[in-house]
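Below: one structure, written as structure tokens.
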Amino acid sequence: MRRFWSILLVGLVGCYQAVDVDDEGAEGRAIVAPPEVGSGPDVTVAGTPETIVAPSAACPSSGWCKMGELPVDGLKSLWGSGSNDVWVGGREGLFHWDGQSWSNRSADLASADRYRLIVEDLWGSGPDDVWAGVWPSEVYHWDGSSWALAYVGNDSSVVNDRRLWGAGRGDVWILNDKGATHWNGSAFEYTRLLEDEEEMSAVWGSSSTDVWFLGVYGTVAHWDGSAWARMQERTRPPNSAGGFLALGGTGPQDVWAFTDSGALHWDGATWLDSPIASDYEEVWAACQVSNHLWAVGDGSPRDWDGSVWTAKPIVDDPPRSLRACWGNTPTEVWAVGERTVWRWSAGETD
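Residue numbers for the sequence shown follow the working numbering, beginning at 327 and rising by one.
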């Protein structure tokens with residue numbers, strides 16, 4: 327084990343604290359690190375993946391549109407490389423959109439428990455580099471033709487929904503209970519960030535030298551590409567009962583941490599309580615779309631343009647909750663919740 331020194335910032339008061347880096351995996355976790363991601367044993371898929379036809383109704387030129395209702399008990403994750411290459415996952419299912427229809431790819435995750443498959447998170451850098459976090463402790467990699475198991479935690483590794491983020495191919499972070507595991511293109515390396523009962527909640531970054539990690543009680547850790555710094559924000563915003571749920575931003579001086587009742591905003595110098603709306607409801611996920619940030623959850627989806635949050639409500643058959651979002655372009659944003667995949671398109675008035 328090696329030990330790195332980092333700076334612990336409480337308020338704006340600094341003190342040094344060691345952060346452990348475990349080369350043998352996270353707290354005894356068994357790590358599978360193939361020499362080249364995706365070069366491990368191929369996953370053999372029996373037969374052709376089940377095709378699920380998309381809704382026949384054409385989407386309007388602006389606003390939200392249903393892209394499909396999938397046979398799954400709750401969608402939780404979403405990522406795509408383009409309009410014709412979108413992956414979504416959740417309880418009991420992994421699905422792929424090719425621009426025409428959905429296919430059920432759950433069987434591709436051959437070693438996952440078929441009776442309790444939960445695809446918690448999806449992230450990728452391109453059509454041949456996609457990562458899937460599967461409950462409770464597995465991470466799979468898609469190389470453009472097949473899924474292969476890339477990372478395995480131990481039995482006690484229970485991870486959170488938003489547990490994957492990367493700056494690019496060969497630079498991927500996996501969120502664990504008490505810290506984060508980094509894939510550098512050839513090996514995994516674990517860093518422990520929390521020491522008490524708090525658990526990690528979310529990870530997001532704007533680049534390989536600006537990666538943020540959020541604990542459920544408000545601990546914020548930052549990686550600048552060479553060293554760790556941690557800022558303790560242990561006091562929840564007013565009326566918060568469930569802690570911090572999501573993290574996102576548009577750059578190093580525009581980072582948002584969301585709770586069940588409010589939000590904190592980092593402006594490059596301080597964290598400030600910054601409610602996003604008077605009728606705020608829980609935000610479960612945030613996604614960067616160019617210089618905008620979208621937040622989705624139990625209320626209307628909202629779009630941050632750097633100055634103001636704007637509601638983008640789903641008018642036709644609105645869902646109770648949305649659990650993930652992904653932005654293809656500033657004029658095309660996807661979201662999932664319950665059994666439905668939604669797509670927002672910008673019109674002249676949006």
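Virtual Cβ for every residue (Gly too), placed ideally from N, Cα, C.
As the structure is a prediction and not an experimental result, all values here were calculated from the model.
Worksheet entry | Separation of Glu523 from Gly574, as counted between CA atoms | 24 Å
Worksheet item: Could you check where the beta strand (DSSP E) with Tyr466 kicks off and where it finishes?
Response: 464–468
Worksheet item: From this set, Thr657, Asp586, Gln426, which residue's C-alpha is nearest Ala384's C-alpha?
Response: Gln426
Item to complete: Give me the Cα-Cα distance between Pro639 and Gly623, rounded to the nearest whole angstrom.
Response: 11 Å
Item to complete: Since I believe Trp491 is in contact with Gly531 (beta carbons under 8 Å), could you give me their beta-carbon distance rounded to a whole number of angstroms?
Response: 6 Å between Cβ atoms; contact.
Fill in: Test item: CB-CB of Gly569 and Thr545 under 8 Å
no
Worksheet item: In the structure shown, what three-state DSSP assignment does Ala433 receive?
Response: helix
Worksheet item: By Cβ distance, which residues of its chain are closer than 7 Å to Asn617, with the 5 residues on each side in sequence left out?
Response: Thr576, Gly632
Fill in: Contact under 8 Å by Cβ, Pro375 with Ser463
No, they are not a contact pair.
Worksheet item: Start and end of the beta strand (DSSP E) containing Gly574?
Response: 570–577
Fill in: Alpha carbon of Ala672 to alpha carbon of Gly541, nearest angstrom
So the alpha carbons of these two residues sit roughly 34 Å apart.
Discussion item. What does the alpha-carbon distance come out to for the pair Thr666 and Trp405?
Written reply: 15 Å
Worksheet item: Gly406 bridges to which residues according to DSSP?
Response: Val412
Discussion item. Just verifying my parser: in three-state terms, what is the DSSP assignment at Leu531?
Written reply: This sequence places Gly at residue 531; Leu is not what is there. In the three-state reduction of the DSSP assignment, Gly531 falls in the strand class, which pools E and B.
Discussion item. Short of 7 Å in beta carbon distance, which residues of its chain neighbour Ser407, apart from the five on each side in sequence? Order them along the chain.
Written reply: Gly450, Gly452, Pro453
Fill in: Alpha-carbon spacing of Leu693 relative to Phe514, whole angstroms
The shown model of the chain, from 327 to 676, leaves out residue 693, and the question about it has no answer.
Discussion item. Could you tell me the alpha carbon to alpha carbon distance between Asn654 and Ala661, rounded to whole angstroms?
Written reply: 11 Å
Worksheet entry | Span separating the alpha-carbon of Val634 from that of Gly511 | 38 Å
Worksheet item: Looking at the structure shown, is Gln426 part of a helix, part of a strand, or coil, going by DSSP?
Response: coil
Discussion item. DSSP three-state label for Leu648, please.
Written reply: Here Leu648 carries a coil assignment [DSSP, helix/strand/coil].
Item to complete: Whole angstroms is fine: what's the gap from Arg328's alpha carbon to Tyr543's?
Response: Low local confidence applies: a pLDDT of 37 at Arg328 is under 50, so the model's placement there is unreliable, and no value is given.
Item to complete: Select from Arg431, Ser387, Ala433 the residue whose C-alpha is nearest the C-alpha of Trp670.
Response: Comparing C-alpha distances from Trp670 to each of Arg431, Ser387, Ala433 shows the shortest one belongs to Ser387.
Practice prompt. Give a yes or no on whether the C-beta atoms belonging to Ser403 and Gly394 are separated by under 8 Å.
Written response: no
Discussion item. Rounding to the nearest angstrom, what Cα-Cα distance links Leu435 and Val445 in this structure?
Written reply: 10 Å
Worksheet item: Enumerated in chain order, which unbroken segments of the beta strand (DSSP E) with a length of 3 residues or greater are wholly contained in the segment 583–631?
Response: 589–592, 597–599, 609–615, 618–623, 628–630
Worksheet entry | Opening and closing residue of the beta strand (DSSP E) in which Tyr306 lies | The displayed coordinates of the chain run from 327 to 676. Any statement about residue 306 would go beyond what the structure contains.
Discussion item. Once DSSP output is grouped into helix, strand and coil, what is the label at Lys504?
Written reply: coil
Practice prompt. Look at the alpha carbon of Asn502 and the alpha carbon of Val465, and state the distance between them as a whole number of angstroms.
Written response: 12 Å
Practice prompt. Under 8 Å by Cβ, that's how I've got Trp630 and Val581 pegged, so tell me the actual separation to the nearest angstrom.
Written response: With a Cβ gap of about 11 Å, Trp630 and Val581 do not count as contacting.
Worksheet entry | Environment of Arg442 [buried if 16+ CB atoms lie within 10 Å] | Around the CB of Arg442, fewer than 16 other CB atoms lie within 10 Å, so the residue is classed as exposed.
Worksheet item: Would you report the Cα separation of Ser533 and Ala493, rounded to the nearest angstrom?
Response: 5 Å
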